[in-house]
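S.K.:
Protein chains in written order, with my numbering: chain A, 1 to 109; chain B, 110 to 221.
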């Protein structure tokens, strides 16, 4: 199956800082999503982005499918951005999503 | 409305109990999923239903039995679970196949 690697595994920021999270994947994908998991376990959709670039407020994401990576940018981070960020990918054979190990983000006031 | 609901929020059961988890969506989605997530780990796919038919079973033990009674509802029947089955169980849905999956809030299961 597809392998998904996320980096860094942990990230500590001061409020207001910017950050970039990376997701590498091992094969062609037809689905790539970024999620934020809050402390209560809820997985919140950030982006569906199998290719291209999208922006939503302080967050943006870029997927370069030909080079098999995706980046999530968080600008002007806030304490509420803390949590685990997951990249999940789906291959061309169906709707199975494989998750990376996640990036644990802590934003300090 | 992009909401997936799950009940119960928390469940404690003994190894001899039978219980069920419920998941519901009213977005007209035709694919529904069960995931299991252990602490500090990513979600792992258990089952996929597509158009109310089981399309993927990731070699899940038979003590977990999924059911899709209609296009809006997904159940997970639990029987004779082990303590290592304690986890967060997440339900998700998507329109049909490889599109955005929307997740419910999960059921935290503790098996004693």
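In this text, a Cβ means the ideal position worked out from N, Cα and C, and glycines have one as well.
For residue 109 of chain A, does the three-state DSSP call read helix, strand or coil?
M.R.: By one-based count along the first chain, residue 109 of chain A stands at place 109. Here residue 109 of chain A sits in coil by DSSP.
S.K.: Chain B partners of residue 97 of chain A, CB-CB under 7 Å?
M.R.: Translated into the one-based positions of the first chain, residue 97 of chain A becomes position 97. Within chain B, the residues near residue 97 of chain A are 154 and 210.
S.K.: Determine, using beta carbons only, whether residue 71 of chain A comes closer than 8 Å to chain B.
M.R.: If you number the first chain from 1, residue 71 of chain A lands on position 71. By this cut-off, residue 71 of chain A is not an interface position.
S.K.: Report yes if the C-beta of residue 187 of chain B is less than 7 Å from at least one heavy atom of the ligand COA; otherwise report no.
M.R.: The ligand COA is not part of this structure, which contains no ligands at all.
S.K.: Compare the C-beta of residue 121 of chain B against all C-beta atoms of chain A and say whether one is closer than 8 Å.
M.R.: Numbered from 1 along the second chain, position 12 holds the residue referred to as residue 121 of chain B. Not an interface residue.
S.K.: Helix or strand or just coil, what does DSSP make of residue 8 of chain A?
M.R.: Sequence index remark: in the first chain, residue 8 of chain A carries index 8 (1-based). Residue state, collapsed to three classes: coil.
S.K.: Should residue 102 of chain A be flagged as near chain B, meaning a C-beta pair shorter than 8 Å?
M.R.: Reading the first chain from its first residue, position 102 is the one you call residue 102 of chain A. Yes, contact with chain B.
S.K.: Looking only at C-alpha atoms, which of A:55, A:51, A:19 and A:43 sits nearest to residue 68 of chain A?
M.R.: Taking the first chain and counting its residues from 1, the one referred to as residue 68 of chain A is at position 68. Checked all of A:55, A:51, A:19 and A:43; the closest Cα to residue 68 of chain A is A:51.
S.K.: Which one or two residues does DSSP pair with residue 87 of chain A in a beta bridge?
M.R.: Within the first chain, numbered from 1, the residue matching residue 87 of chain A stands at position 87. DSSP lists A:34 as partners of residue 87 of chain A.
S.K.: Among the residues of its own chain, which have a CB less than 6 Å from the CB of residue 141 of chain B, if the five just before and after it don't count?
M.R.: Against the second chain, residue 141 of chain B aligns to sequence position 32. Only 158, 183 and 202 meet the Cβ criterion.
S.K.: When you check each C-beta in the region 60-88 of chain A against every C-beta of chain B, which residues fall closer than 9 Å?
M.R.: The residues in question are 84, 86 and 88.
S.K.: I'd like the ranges of any alpha helix (DSSP H) spanning at least 4 consecutive residues and lying wholly in the region 122-195 of chain B.
M.R.: Correct list: empty.
S.K.: Since I believe residue 211 of chain B is in contact with residue 113 of chain B (beta carbons under 8 Å), could you give me their beta-carbon distance rounded to a whole number of angstroms?
M.R.: Taking the first residue of the second chain as 1, we reach residue 113 of chain B at position 4. Taking the first residue of the second chain as 1, we reach residue 211 of chain B at position 102. With 8 Å as the limit, residue 113 of chain B and residue 211 of chain B qualify as a contact, their Cβ atoms being about 5 Å apart.
S.K.: Whose CA, out of A:39, A:33, A:15 and A:98, lies closest to the CA of residue 70 of chain A?
M.R.: Translated into the one-based positions of the first chain, residue 70 of chain A becomes position 70. Residue 70 of chain A has its Cα closest to that of A:33, out of A:39, A:33, A:15 and A:98.
S.K.: Is the shortest distance between the beta-carbon of residue 43 of chain A and the beta-carbons of chain B less than 8 Å?
M.R.: Locating residue 43 of chain A in the first chain gives position 43, counting from the first residue. Chain B, which has a Cβ nearer than 8 Å to the Cβ of residue 43 of chain A, makes this yes.
S.K.: Quick check: the region 17-34 of chain A against the region 54-66 of chain A, are there 3 or more CB pairs under 8 Å?
M.R.: Touching, yes, given that three or more Cβ pairs across the two stretches are closer than 8 Å.
S.K.: Pull up the CB-CB distance for residue 184 of chain A and residue 28 of chain A, whole angstroms please, since I reckon it's below 8 Å.
M.R.: In the structure displayed, chain A extends from 1 to 109; residue 184 of chain A sits before or after that span and is not available.
S.K.: Hey, is residue 33 of chain A's beta-carbon within less than 8 Å of any beta-carbon in chain B?
M.R.: As a first step, residue 33 of chain A must be located in the first chain, where it is residue number 33. It does; some Cβ of chain B falls within 8 Å.
S.K.: Three Cβ pairs or more, each shorter than 8 Å: is that satisfied between the region 8-17 of chain A and the region 77-90 of chain A?
M.R.: The region 8-17 of chain A vs the region 77-90 of chain A: in contact.
S.K.: Are any of the Cβ atoms in chain A nearer than 8 Å to that of residue 197 of chain B?
M.R.: Looking up residue 197 of chain B in the second chain gives position 88. It does: the Cβ of residue 197 of chain B has a partner Cβ on chain A nearer than 8 Å.
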